[in-house]
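Chemist: Quick one: the structure is below, questions incoming.
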Amino acid sequence: FFKQKTAYEIKECDWSSDVCSSDLQKHSQTLAEHFSSLHLAHFPCTVMVEKSAPHHVGLGTGTQLALAIGRALTICWGWDMPTLELAVVLGRGKRSAVGVHGFDHGGLIVEAGKKEGEAISPMIGSYPWPTEWKVELSNLESAPGVHGKQEVDAFEKILAGLVPSHVLEDNARNVLMGRSEEHTSELQ
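Just so we're aligned: the sequence shown equals residues 38 to 225 in my numbering.
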């Protein structure tokens, strides 16, 4: 029933996303099923996404879209669900919770990393973005970044100790100080 009543529309698309429509449907259905399992009232709603950033380019678009859809639906249904709970229901924050915490806090997010048994890694801090830090985003229209099964496999290799520590250290340094192509391919 939910599929028939959920609408999807993009207006004034500066950025388009071919997966946005399917994500909208998936997240709406997941949340409706969760509410049904708890015997909480929910009903068909119209959700309109006016703009969506590109997916799989390192911007956290999937998490932001999922949480925005989830927040819109829970408000529509008259329920208040904390973001961390909403993220778990929607399957977000499985590997990194920066996007989950960023949804509520914005700025520069530092997380502790997820320990075994934790659904979402805790946030260490949220800091206002320094005004002197300039950001430039460029989309080279290359192939999408690692995602889906390939991403899961890459993390499993790391957790299994199959990636040498110098590769992880170099990549951590690259994240903080600038990208080098030297070891990034070893993670894929």
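Backbone N, C-alpha and C define an ideal beta-carbon position, used for all residues, glycine too.
Grouping DSSP H, G and I as helix and E and B as strand, with all else coil, what is residue 147?
Modeler: Strand at residue 147.
Chemist: For a test of the three-state rule: what should DSSP assign to residue 163, helix, strand or coil?
Modeler: Here residue 163 sits in strand by DSSP.
Chemist: Within a Cβ cutoff of 6 Å, which residues of the same chain sit near residue 40, ignoring the five residues on either side of it in sequence?
Modeler: Caution is warranted here: a pLDDT of 32 is assigned to residue 40, below 50, making its placement in the model unreliable, and the coordinate value is therefore given only provisionally. So the list is empty, once near-sequence residues are dropped.
Chemist: Considering only residues of the same chain and omitting the five flanking positions on each side of residue 115, which have a CB-CB separation below 8 Å?
Modeler: For residue 115, where only same-chain residues beyond five positions count, the Cβ hits under 8 Å are 78.
Chemist: Rank 127, 163 and 157 by C-alpha distance to the C-alpha of residue 68 and give the top, closest one.
Modeler: Closest option to residue 68, Cα to Cα, is 127.
Chemist: In chain order, what residues of the same chain lie with their CB nearer than 6 Å to the CB of residue 200, ignoring the 5 residues before and after it?
Modeler: Answer for residue 200: 194, listed in chain order.
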